[in-house]
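Take 0 as the starting number for the sequence shown in numbering that gives the first Met the number 0 and just add one per residue. Ideal placement from N, C-alpha and C gives every residue a C-beta, glycine not left out. Source: prediction; values computed, not measured.
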Amino acid sequence: MTGYGRFFLNDARTIQAQLDALEKGKFNAQRAIRHIDQLIQSMEDAYHTPPENSNLINNDLSLNPLALPLRSRLIINQVADHGIAIESAIDQLMQENQQIIESHINRILFVYIFSALVFGILCVIAFGMMYQRIAVPTRNLINTITRIAASDETARAEVIGKDEMAELAVAFNALLDQKDLSKKHIIQQQTELSQQANLLEIAGRITRFGGWYADMETNQLKWSDMVAKIHGKPLGFSPSLDQGLSFYIPEHQARIKELFTACYEQGTPYDAELQIINSAGEPLWVRTSGEAVRDSKGKIIGVHGAFQDISDRMELENRLRQSQKLEAVGQLTGGVAHDFNNLLTVVIGNSQILTETLEESNKLKPLAEMILQAGYRGAELTRSLLAFARKQPLDPKPVNIQQLIKQLWPLLERALGAEISIQFHADDNLQQVMVDPGQFENALLNIALNAKDAMPSGGRIVIEAQNTHLPDRYAENHQIDAGEYIVIAISDSGCGIAADKLQRVFEPFYTTKPKDKGTGLGLAMVYGFIKQSNGHVNIYSEPEQGTTVRLYLPIATSNDSSARNTQPSISEILPGHEHILVVEDDALVRDYVVSQLTAFGYQVISANDGQQAIEILESDQFIDLLLTDVVLPEGLNGRHIAEKAVKLRPSLRVLYTSGYTENSIVHHGRLDPGVMLLSKPYSREELAIKVRIALDAGVAEK
């Protein structure tokens with residue numbers, strides 16, 4: 000208890016004692032009054048009671064008749080004296096007590112007022128202390144919250160002191176730190192999710208892959224952006240189920256409906272490759288898959304799945320099948336071409352001799368001419384097969400396409416006839432291309448003849464040549480090199496080709512013509528030749544709108560040789576005198592070549608295999624030219640013989656001949672540098688011209 004409390008308590012106890020004394024004085028006054036009452040009662044009793052019965056009057060009074068009044072007076076006086084004394088005592092006591100009470104009341108008031116003042120001061124001090132301990136930290140906390148609400152992520156509550164408010168501030172700051180960590184974690188997760196979403200979007204964009212959901216309650220489809228894009232619809236497009244299924248081609252609609260129904264009704268997942276027609280009218284191959292979506296009770300409420308444009312993959316598969324066909328044809332052609340061309344060489348050569356020696360009147364001459372034409376047709380057939388299979392040896396040179404086409408113009412006009420008009424347009428600054436001139440002429444003639452067959456009642460053919468650039472994306476999709484090309488477009492006004500047939504026109508032996516009108520190798524030969532020339536070919540056609548075939552050939556570079564050998568005519572060849580070694584395993588061909596070269600004036604030595612040829616080369620016989628078949632038995636082919644021959648005789652010229660070269664002197668479809676080749680079957684003129692060119696080259700060809 001404080002000093003002020005003890006002081007107040009002592010005063011209260013003093014006042015209590017004084018009040019008790021006052022009460023005690025009051026009690027004494029009351030006793031005096033009672034004593035007076037007893038005296039008065041005694042007087043009344045004495046007055047009314049006989050002396051003998053009174054015990055209040057002594058014997059002296061009973062004897063004196065005046066004693067009673069005197070006694071009464073005495074009692075009255077005593078009573079008066081007591082009354083006066085009592086009244087005086089009471090007045091004095093009252094005054095004293097009044098003074099005491101007033102004094103103590105004043106003291107109590109003073110103590111009360113002083114205590115109230117002290118209490119008020121204490122309250123102010125306590126309030127100040129409470130404000131300092133509670134209000135200031137609270138205001139600080141409120142300010143911190145306000146800063147946080149204003150997006151100030153660095154705001155923290157100030158820690159003041161070590162009391163509960165300080166602990167609250169510390170806890171609040173810890174909460175903010177935890178919130179920041181959580182926010183950073185959430186941001187990191189969002190960033191990772193965003194990156195994953197971006198990767199999925201990139202992957203979906205690259206692979207043309209998206210997702211879809213079918214809500215069976217609303218009968219609506221929800222498409223991802225890529226699915227909408229594949230269908231040619233704007234982003235966010237949400238078709239009905241029937242609208243979505245209507246994009247499939249009629250042949251596939253029954254199949255997709257069957258798969259979807261089984262998935263929705265029975266929960267059977269599906270994965271199928273089908274074809275659609277998008278809003279732009281483009282046919283696309285797609286892979287679509289779906290599986291049932293169930294609620295918490297296992298009830299199927301929808302179907303979701305994936306959707307991918309696989310047109311590029313299907314195109315690659317078609318190309319793979321084409322390549323496999325190409326390989327099969329190549330293997331077949333390679334196995335047959337060598338022997339078949341050997342036979343054709345003999346047939347063509349000897350039938351040509353017959354037609355030249357027989358008189359016009361001789362009945363055998365027409366037969367010889369028929370044999371010669373059959374031989375030419377057989378040779379053309381094998382050349383077409385080799386061209387499609389990309390097995391023919393090419394000798395590309397820098398060529399001016401404009402000049403080459405102009406040289407071919409008379410032949411085109413004769414082949415097409417008067418019913419077909421032909422036009423040619425070319426850029427003024429047309430660059431040269433790297434191409435085998437002879438094979439290009441054959442390809443252009445084949446395309447023109449196909450165009451003629453598409454216009455039985457006549458029409459028009461337009462040939463255009465211009466410089467062009469193939470970008471990376473286009474080149475990648477068509478498996479060619481990007482860069483500068485010359486495009487030669489051949490357009491006709493014919494009947495056109497239906498879409499289902501257009502994709503097969505480059506297949507070998509595929510033709511829409513009657514059996515006696517086509518072999519199905521014309522465009523196949525063109526395709527193989529252009530691909531073998533590192534070029535590209537495409538065809539565009541619509542029924543009743545005509546057809547356009549575009550040939551893309553790479554331009555010649557500065558490193559390419561610009562010289563093109565000019566071949567002399569047969570009339571310009573003088574009789575020969577040089578010594579020629581002929582190496583040929585086929586006896587018929589060997590005898591034919593020896594006889595023809597001998598007729599041309601050459602000195603001819605023959606060998607039927609490589610070993611015999613090496614023995615002759617190691618001898619001292621004089622030899623100017625080695626004419627050797629490429630494919631020979633006993634392990635030594637023409638290339639091996641030529642390499643040993645040049646080592647033995649460095650000045651020796653070499654001329655190869657073959658109906659099928661494999662990879663001995665041809666790599667990547669092209670003759671090795673410095674190599675000269677006479678392809679079988681060949682005529683007398685071709686043999687004479689090629690031999691003369693080889694001898695006049697002046698340098699041994701390796």
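Listed as beta-bridge partners of S420 by DSSP are R459. For P249, the enclosing alpha helix (DSSP H) covers residues 249-265. R320 sits in a helix when the DSSP states are folded into three classes. Nearest to L411 by alpha-carbon distance, out of A373, A450, K396, V434, is A450.
With contacts defined as CB atoms closer than 8 Å, N533 and R549 fail to qualify as a contacting pair. Taken through DSSP and simplified to helix, strand or coil, A696 comes out as coil. Straight-line spacing of the CA atoms in Y269 and N317 works out to 24 Å. Listed in chain order, the alpha helix (DSSP H) elements of length 4 or more contained wholly in the stretch 130-179 are 135-148. If you compare the alpha carbons of N466, I489, V630, E152 with that of K182, the shortest gap goes to E152.
Per DSSP, V504 lies in no alpha helix (DSSP H) and is assigned neither H nor E.
When rounded, the separation of the alpha-carbon atoms in S492 and S540 is 10 Å.
A residue is called buried once 16 or more other Cβ atoms fall within 10 Å of its Cβ, and I255 is buried on that count. Per the Cβ contact rule, the stretch 360-368 is not in contact with the stretch 395-403 (fewer than 3 Cβ pairs under 8 Å).
Looking from the CA of T260, the closest CA among L198, V302, Q406 belongs to V302. Here DSSP, grouped into helix, strand and coil, assigns N636 to coil.
The C-alpha of A693 lies about 44 Å from the C-alpha of M454.
Contact between L580 and I529 does not hold, since the beta-carbon distance rounds to 37 Å and is not under 8 Å.
By the Cβ neighbour-count rule, V117 is exposed, with fewer than 16 other Cβ atoms within 10 Å of its own.
Cβ neighbours of L647 within its own chain (closer than 7 Å, five residues either side excluded): L616, E617. Taking C-beta atoms as the reference points, V603 and V588 fail to come closer than 8 Å. Residue environment analysis places E506 among the buried positions, since at least 16 neighbouring C-beta atoms fall within 10 angstroms of its C-beta. Counting along the chain, the unbroken alpha helix (DSSP H) around F439 starts and ends at 436-452. Residues A156 of the same chain have their beta carbon placed closer than 6 Å to that of L140, with the five preceding and five following residues left out of the count. Distance from the CA atom of A606 to the CA atom of Q620, rounded to whole angstroms, is 13 Å.
If you compare the alpha carbons of H424, L429, L448 with that of E418, the shortest gap goes to L448.
Nearest to A598 by C-alpha distance, out of D608, I613, A586, P574, is P574. Listed in chain order, the alpha helix (DSSP H) runs fully inside the stretch 188-239 are 224-229, counting runs of at least 4 residues.
Ranked by Cα distance from W222, the options N197, Q307, V110 are led by Q307.
When secondary structure is reduced to three states using DSSP, M433 falls in the strand class.
G280 has its alpha-carbon roughly 55 Å from the corresponding atom of K178. Exclusion of the five residues before and after L244 leaves Q252, I255, K256, F259 as the residues of its chain whose Cβ lies within less than 8 Å of its Cβ. In the structure shown, Q307 falls within a strand segment according to DSSP collapsed to helix, strand and coil. With contacts defined as CB atoms closer than 8 Å, G289 and C262 qualify as a contacting pair. Exclusion of the five residues before and after I446 leaves I489, V525, V548 as the residues of its chain whose Cβ lies within less than 7 Å of its Cβ.
Membership of T510 in any beta strand (DSSP E) is not indicated, and neither H nor E is assigned to it by DSSP.
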